[in-house]
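Residue numbers (our numbering), protein chains in the order written: chain A, 251 to 769; chain B, 25 to 526.
In structure tokens:
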């Protein structure tokens, strides 16, 4: 069973979703929670049996799918993907558990379970086509969640979401086909296996084009600055659960793919494009922070702040050194926890008042003290207060990029300060002062179901802020091997200069064993 | 005095005719049965047609075994040419026909299916297509083309609605024009080379170094126009949407698959040597045909208000997409063509059958046409299973992995990548994105809108019988689980295409 734990993690929710069609409506919530609990327990078990001292892939599975064309069903986890898989299991559980009164709750839960399959699949896939399959499949449940349970503009928002990402990923698909073709030219065998591709050294001119093709696919998903316009619509119209999963997990697919594909496959191109991408990331941080400041709708504030933080993740990733990349991966987890929690919190107030306009609120701290406390903690975590989860990631990301460029890092730091301004401003408008609106006088405080979703997130946000080592350790290990691989593969002066050499003979020996494992 | 011609029966290799003769015998038998005892139920004819198609299939299996052992088989004064392309195309034709014919088992009110002539014509048509793909003799191609087309026009007209007469006449006129183009093209090539066999034409042209390049181009232009009509490439597509709309839904689905694979195979045979001869003009024209057809048809599909017309334009776009394989002309591209078309036949027949089972007796006020988009609004609430199946077919047509058509798409795009057609590969990918929009439109209507008042979901399955449901089930299973079959299918196809020298 241990050999196939990843397949189990992927297909258990899908199987459960199919079975879910025959579950009676009233029992569906209990069914969903049990399935998600089992899945979460399985993912924790994966963490338990995972060997944190190994930097390479573990629990690899390999089944040929289309042999003559080099497509294999290959799975595996390392320190980078492990925690995102756990995070997605965690959020599905919390999401289903804290699901408030939803029409057609049965279909919602089935859709969420299918979505979980695709999420775990994306993070566990080690074959480009398998990755692409799950990547594309994840669009459909999200399309349905936004389009069927969303706000008044839901159809526009969901179609926009779908078409944007679909277009981007088709360009990426062409890039993948080119990559496989180059591999075929070099070795005479077709292969879409990522670990095979890692060993392929391409000339820089090829790398630049391929990097661009992959970049379009990933950047739309993240979403990076010029491509971000679909996200505010999607968040604005999506139901709470949709926003939570979208912000916590789906956006991470893009940043994860940068670490998994772009960096190790195209080290020279990554070094070449480092500064332009960093500039985009800084624009993303500052510009969206300012846009967030101008919003009247509290959900839009959080949506834009979420984009803003994604900018820091990109910055950390393209620092191309261990601190930056580890920090960005840790920030992916942190951002998932915090943004997910904030969207859940907005959902709480939306359920009570059916409005998200900040002008409608004010003085909520007196009416709903527990709610105000949790919101406060999460908001602090979001602005990156020390001893919260985001601080670790943001600090490491910026530290990593500081070694590459001082000015850009300082600008990004300014962006974070702007972030603090608008978050605190929003908090002030909503929670402090007198209760001005009659309707807010008798709002019930947060209930058990909502606490079920929020308390674990608060715990995680503080625990990993105070003591990040159990998570950061394995991440570091895997990132080191990726950075070393990039250094070894790079051919240009610039890349050699920007990607540090971690000359530890031990690391190189581990690399060799990995390559042997594959073949 | 003329010496008597002495040919042994053995050298004729009559067996090469077997796959075509079987449906012809079947058609004649059906006619004879009708003469002896008329008024029999259609299930008899459906059953007989299925049996003859099954026999046809087995004879094809036999022939493919022979091909695998001995290579290309010639027969009947070397007119018949049984190579990998011929076999693959015949497999597609026969299998798609076997999926189509049970769709005739509907309710009584579609009386075209109660005539035995329908089934006789149907089998004649299949024989015609089989002749068309199993030869490289331009005259036999022409005969096969006309046999099948004339039968097809009649089948469309038998639907017996106002629009279907219009469709049949339109198709007939356009088809006649195309036939004229074809014979003109063939004539020019005969005048140039003194042969009507494609491989000899190629040899003669190659040996004299394309000295009469002007005439070659004129002949090619005529041929290209003829194929463009048959494959509904823009700007020769004008008949297609109207004909699809006028014919019954399964017939439209059938027309989008079988006649086109036959035309593709002939085009592959004909253009193979021309593409590789380095005539730049042909490359450019083909390139333009491919890009214009897939892009413009997609644009038109975007603005359709009727699902059937939308699917008609989308089939045109798919044909343009696959035409890229002819332009690329490598073994990988030609294999991709067959792979794509096999997967496409499953999905497209399935989606047209879904329209067929929702065919209404009378059109309610809010609907502009029989299959307008708003007919499907809120379908998930009233008829969840059909809605999901229809959604599945749409996702597959859009090329969402891991559903059937995705595999055809990546293999074809990969063929473009491998032969250095980078821009073409990108355009193909982006066209899939455009197409995503109109497939999504139907999904949006089905899953995200509220149902029209008074709709209890009955109308989506108004025309459903067990046979129809079975066919749709087969198509759906084929669409979902295609990924298991891709590897053997691809090896089989590549083997056959490669061994035929394409």
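Beta carbons: idealized from backbone N, C-alpha and C, even for Gly.
query, result
"DSSP three-state call for residue 235/B: helix, strand or coil?", "coil"
"Give the residues from the region 458–481 of chain B that approach chain A closer than 9 angstroms (Cβ to any Cβ), ordered along the chain.", "458, 460, 461, 464, 465, 467, 468, 471, 472 and 473"
"Identify whether residue 757/A lies in helix, strand or coil by the three-state DSSP scheme.", "The pLDDT assigned to residue 757/A is 48, lower than 50, so where the model puts this residue is not dependable; a value taken from the coordinates is nonetheless given after this. Correct three-state label for residue 757/A: helix."
"Near residue 760/A, what residues of its chain come up, given a Cβ to Cβ distance below 7 angstroms and the 5 sequence neighbours on each side ignored?", "Confidence at residue 760/A is low in this model, with a pLDDT of 47, below 50, so the placement of that residue should be treated as unreliable; the coordinate-derived value is given next. Closer than 7 angstroms at the Cβ level, and outside the excluded window around residue 760/A, lie 305, 306 and 731."
"What did DSSP end up calling residue 103/B once you bin it into helix, strand or coil?", "coil"
"Please identify the residue among 463/B, 488/B and 94/B whose C-alpha is closest to the C-alpha of residue 333/B.", "463/B"
"Of all the options 112/B, 216/B, 253/B and 316/B, which has the alpha carbon lying nearest to the alpha carbon of residue 92/B?", "112/B"
"By DSSP, does residue 388/B sit in helix, in strand, or in coil?", "coil"
"Are the region 464–473 of chain B and the region 383–393 of chain B in contact at 8 angstroms, needing three or more beta carbon pairs?", "no"
"Got a sec, what are the start and stop residues for the alpha helix (DSSP H) residue 567/A sits in?", "548–567"
"Are the C-beta atoms of residue 355/B and some chain A residue less than 9 angstroms apart?", "no"
"Here's the rule I'm using: 16 or more other beta-carbon atoms within 10 Å means buried, otherwise exposed. How should residue 277/B be labelled?", "buried"
"Tell me the rounded alpha-carbon separation between residue 42/B and residue 83/B.", "7 angstroms"
"Could one say the Cβ of residue 456/B lies closer than 9 angstroms to chain A's Cβ atoms, at least one of them?", "yes"
"Within this structure, are the beta carbons of residue 364/B and residue 429/B separated by less than 9 angstroms?", "yes"
"Name, please, each residue of chain B whose Cβ falls closer than 9 angstroms to the Cβ of residue 477/A.", "The contacting residues do not exist; residue 477/A stays about 14 angstroms from chain B at best."
"Around the Cβ of residue 253/A, are there at least 16 other Cβ atoms within 10 angstroms (buried) or fewer (exposed)?", "exposed"
"Applying the 10 Å Cβ sphere with the 16-neighbour rule, what's the burial state of residue 353/A?", "exposed"
"Closer than 9 angstroms, Cβ to any Cβ of chain A: which residues of the region 433–446 of chain B, in chain order?", "433, 434, 435, 437, 438, 440, 441, 442 and 446"
"So, helix, strand or coil for residue 308/A, using DSSP?", "strand"
"Would you list, in chain order, the members of the region 394–411 of chain A that have their beta-carbon closer than 8 angstroms to a beta-carbon of chain B?", "394, 397, 398, 404, 405, 408 and 409"
"Distance check for residue 617/A and residue 552/A, CA to CA, integer angstroms please.", "22 angstroms"
"For residue 292/B versus residue 484/B, is the C-beta distance shorter than 9 angstroms?", "no"
"Classify residue 281/A: buried if its beta carbon has 16 or more other beta carbons within 10 angstroms, exposed otherwise.", "buried"
"Could you give the distance in angstroms between the alpha-carbon of residue 446/B and the alpha-carbon of residue 375/B?", "32 angstroms"
"Please compile the residues from chain A whose C-beta is within a distance smaller than 8 angstroms of the C-beta of residue 518/B.", "318"
"Would residue 368/A and residue 385/A qualify as a contact pair, given that the criterion is a beta-carbon distance under 9 angstroms?", "yes"
"Is the beta carbon of residue 520/A closer than 9 angstroms to that of residue 530/A?", "no"
"Give the range of the beta strand (DSSP E) segment to which residue 325/A is assigned.", "321–327"
"Counting C-beta neighbours from all protein chains within 10 Å, is the total for residue 493/A 16 or more, i.e. buried, or is it exposed?", "buried"
"Who are the neighbours of residue 382/A on chain B, taking C-beta pairs under 8 angstroms?", "425"
"Mark residue 32/B as exposed unless 16 or more other C-beta atoms lie within 10 angstroms of its C-beta, in which case mark it buried.", "exposed"
"Alpha carbons only, please: which of 352/B, 437/B and 475/B is nearest the one belonging to residue 400/B?", "475/B"
"Closest to residue 505/A by C-alpha separation, out of 455/A, 480/A, 459/A and 565/A, would be which residue?", "565/A"
"Express the C-alpha separation of residue 647/A and residue 629/A in angstroms, rounding to a whole number.", "20 angstroms"
"Can you check whether the CB of residue 110/B is closer than 9 angstroms to the CB of residue 289/B?", "yes"
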